[in-house]
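Engineer:
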Amino acid sequence: MSQDLLLEVGTEEIPAGYLPPALAQLHERIKAVLQSERLAYADICTFATPRRIVLHVAKVAEKQEDIVQEIQGPAKRVAFDDAGQPTKAAIGFAKGKGVTVEDLEIKETEKGEYVTLQQKISGKTTLEIMTHALPEVLLNLNFPKTMRWDDSGITFTRPIRWLMCLFGETVVPLKLGRLTAGNITYGHRFMSPEPKTIENVDYYWAVMKESYVILNPKERRHRIHKMLDEAAERHQGKLVPNEDLIDTVTYLVEFPSVVTGKFDPKFLNLPDKIIIAALDEHQKCFAVTDEHGKLKPLFLNIIGSNPEYKSRVIAGNERVLAARLEDANFFFTEDTKTPLATKVERLKGVTFQADLGSVYEKMERIQSLGQTIAERCDANPEWVSRAALLCKADLVTLMVGEKEYAKLQGYIGMEYALKDGENPVVAKAINEHYMPRFADDTLPETLPGAIISIADKIDTIVGCFGVGLVPSGSQDPYALRRQATGVIRILLDREFEIRLSDLVQWASTLLHPKFKAKADTVQAQVIDFLQQRLETILTNLGFAYDEVDATLASDFNTVHDALKRVRAVSEFRQHPDFEALITGFKRVVNILKNAEVANNPDENLFTEESERRLFKALVAVEKNIGNLVKTKDYPQILKQLVMLRTPIDTLFDEVMVMAEDEAVRENRLRLLARVRQVFTQVADFSRIVIS
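First residue of the sequence shown: 1331, per my numbering; consecutive thereafter.
(1) Compute the Euclidean distance between the alpha carbons of residue 1959 and residue 1824, then round it to the nearest angstrom.
(2) Would you be able to state if there are at least three C-beta pairs under 8 Å between the stretch 1899 to 1919 and the stretch 1974 to 1993?
(3) By how many angstroms is the C-alpha of residue 1996 removed from the C-alpha of residue 1299?
(4) Report the partner residues of residue 1435 according to the DSSP bridge assignment.
(5) In the DSSP output, what is residue 1492 paired with across the bridge?
(6) Taking only runs that begin and end inside the stretch 1738 to 1818, name each unbroken beta strand (DSSP E) of 3 or more residues, in chain order.
(7) So if DSSP puts residue 1618 in a beta bridge, which residue, or which two residues, is it bridged to?
(8) Closest to residue 1859 by C-alpha separation, out of 1872, 1842, 1882 and 1875, would be which residue?
(9) State the DSSP-derived secondary structure class of residue 1335, mapped to helix, strand or coil.
(10) In or out: residue 1739 buried (at least 16 other Cβ within 10 Å) or exposed?
(11) Would you list the residues sitting across from residue 1516 in a DSSP beta bridge?
(12) What separation, rounded to the nearest whole angstrom, lies between the Cα atoms of residue 1496 and residue 1523?
(13) Using 10 angstroms around the beta-carbon of residue 1695, count the other beta-carbons present and answer buried if the total reaches 16, otherwise exposed.
(14) Buried or exposed for residue 1407, going by 16 or more other Cβ atoms inside 10 Å?
(15) For residue 1471 and residue 1632, I'd like the C-alpha separation in whole angstroms.
(16) Only counting runs of 3 or more residues, tell me where the beta strand (DSSP E) segments fall wholly within the stretch 1681 to 1748, in order along the chain.
(17) Can you look up residue 2084 in the DSSP assignment and give me helix, strand or coil?
(18) In three-state DSSP terms, what is residue 1477?
(19) Please report the distance separating the alpha-carbon of residue 1379 from that of residue 1536.
(20) Tell me which same chain residues have a C-beta within less than 8 Å of the C-beta of residue 2005, skipping the five on either side of it?
(21) Helix, strand or coil: which one does DSSP assign to residue 2009?
(22) Just verifying my parser: in three-state terms, what is the DSSP assignment at residue 1966?
(23) Bridge partners for residue 1613 per DSSP, in chain order?
(24) At the level of alpha carbons, what is the spacing between residue 1508 and residue 1482?
(25) Three-state secondary structure (DSSP) at residue 1632?
(26) Three or more beta-carbon pairs under 8 Å between the stretch 1848 to 1862 and the stretch 1824 to 1837, yes or no?
(27) Can you tell me which residues form a DSSP beta bridge with residue 1486?
(28) Measure the alpha-carbon distance for residue 1348 versus residue 1715 and round it to whole angstroms.
(29) Helix, strand or coil, according to DSSP, for residue 1393 in the structure here?
(30) Scan the stretch 1872 to 1945 and note each continuous alpha helix (DSSP H) run of 4 residues or more that stays entirely inside, going in chain order.
(31) For residue 1377 and residue 1561, what's the separation of their Cα atoms in angstroms?
(32) Tell me which same chain residues have a C-beta within less than 6 Å of the C-beta of residue 1334, skipping the five on either side of it?
(33) From this set, 1539, 1578 and 1646, which residue's C-alpha is nearest residue 1591's C-alpha?
(34) Going by beta-carbon coordinates alone, are residue 1469 and residue 1484 separated by less than 9 Å?
(35) Residue 2012: which of 1956, 1993 and 1991 sits nearest, CA to CA?
(36) Is residue 1454 closer than 9 Å to residue 1367 when the C-beta atoms are compared?
Here you go:
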């Protein structure tokens, strides 16, 4: 027999951002409990609203599975005498286990014959297990912040006001602090606040629906999206996409409805993102555009209260928004009284990092490094220089100085630059130099934006490593991993012919007076750090770990070159001769492991025909791939390498490489070194794992 298990934890309102991680934890922890306690079940579901966390486990067995446990007792020679009669040892063992001597068995083990007992252990009931397990699961959920609210000593993210827990129709009497679970729940705080008795798990879902509570976050999210789209259409507009905000408001309400508010059209002179930020950051409201993509002077707000109070909600939002937009309008007006370029000098008073100087110094390094990169990318040096000069200037504006608009740095600089009449490409590059801001963020569209972004990020990475601010574990205060990933993504996207080592060296040249370690040491650390990011990116693109490892162990030129190599290796893996060829190459590398030899064998020292055949094939392959190496046509190079499979195998079958004659042995090792050199022009295939 099985029953559904239902747990509802009623709380004061939990912050929206806390709930999705908590649900994931709850799912994993209860799954672990069910498995460890040998309780069969069909499915686990977790739900949450701001006022409740719900766990539903379908078709849970009513008790643990019974198990038979083998218990080993004394050795046979100790338990029974020569006549086969039980000794005190056997009798005592049986008595201690609550059985008779007749229940004991003799079993052959590695140590000889021993007395054993097959003891059946009856399973505990699910009710008993969950009464003790669920409180522990709940109290071990991790939240950013927890609190105490009474003298019971327990902590949770918000005060717990009720517990409801059922196994089928039976209450699970778990205790949490001063609360004991029952079969009472509550509906929507305003629309159905009275207590409700839940007779069984199936009844619960209907009660919640009638009580204006949509438990499933996916269902709430879908409803919110639909309501927002429909509301925007009613005003002849279109919702400004904001999936992150929809995710947030999904966990702010139990039964969503939408209201529409307005703001003074005079504020539409502000850049769109400033208005959207004012709506989003504190008001959690959505913007609407007209058919031309221009903002309309209205907003949409998702509320969880009774719609009869909507006029009060709208008025409150309109009043607060008007004040915020007045502030933003003041900041914008004051900031644009002087050109963006005049603000650059003030960056001297803004510290980038204590050991790395001011933001002005950083800007100068970005400008210098940007010029060096631009020379190799056929970019307009004047645009790059101008964008670098202005890229940090908005940090000293009133707008970016305001907390709720700080995330618009870069965008504000772009808007102010456009207002000043700067070249549109330069203005766009100011905004783009922060891209990508996160893992899947868009990349810079303009060439100057891509160059300044790389320069800014490399300067930060090299500078931080130089003064000892190296990421460790989860600690990465300057987001160096994210910035390194951004550099790699841009280099891959743009196919820049620039080595990572060159980028690091150029930045190091500008920064080394501030280093706390030797420049060579810092450069080596940074290059290794960047290659780790490259390894992660290539693996995330779907390439096998050993393919990436083999590629990065070669002397690749640029990150795009590494991508071309690993793609060729991955495709080559499907070749019918791949495994045999790689196996032969591994033998080559193994023999050369402790040998330091040149790669120029002397034909006159060959004593066997198989040596001559391999050398001849090798020379032919080298000739064929000469131009292919220059053009980096790795698929064609690999096709040529297949020609070496048979000569390599034949050599190992017919020749003892480590010959007694020193000259012959040395010459054979040189031949193999030449083979290794040809292969590693693509990848170090010795790192490929052959199944």
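Each residue gets a CB set at the ideal place from its N, CA and C atoms; glycine is no exception.
Please read these numbers as outputs of a predicted model, since none were measured by experiment.
Structural biologist: Reading off the structure:
(1) If you take the alpha carbons of residue 1959 and residue 1824, they lie about 21 Å apart.
(2) yes
(3) Here the chain comprises residues numbered 1331 to 2021, so residue 1299 is not present and cannot be evaluated.
(4) 1446
(5) 1340
(6) none
(7) In DSSP, residue 1618 forms a bridge with 1569.
(8) The residue with the shortest Cα to Cα distance from residue 1859 is 1882.
(9) Here residue 1335 carries a strand assignment [DSSP, helix/strand/coil].
(10) buried
(11) DSSP lists 1525 as partners of residue 1516.
(12) Rounded to the nearest angstrom, the two C-alpha atoms are 21 Å apart.
(13) buried
(14) exposed
(15) Rounded to whole angstroms, the separation of the alpha carbons of residue 1632 and residue 1471 is 29 Å.
(16) 1681 to 1683
(17) Here the chain has residues from 1331 to 2021 only, and residue 2084 is not among them.
(18) DSSP places residue 1477 in strand when its eight states are reduced to three.
(19) 16 Å
(20) If we look at residue 2005 and ignore the five residues flanking it on each side, its Cβ neighbours are 1915, 1918, 1944, 1948, 1974 and 1978.
(21) Helix.
(22) helix
(23) Note: residue 1613 sits in no beta bridge, so no partner.
(24) Answer to the nearest angstrom: the Cα atoms are 6 Å apart.
(25) Strand at residue 1632.
(26) yes
(27) 1477
(28) Residue 1348 and residue 1715 have their C-alpha atoms roughly 44 Å apart.
(29) strand
(30) 1875 to 1882, 1889 to 1902 and 1908 to 1922
(31) 27 Å
(32) 1388 and 1531
(33) 1646
(34) yes
(35) The shortest C-alpha separation from residue 2012 is found at 1956.
(36) yes
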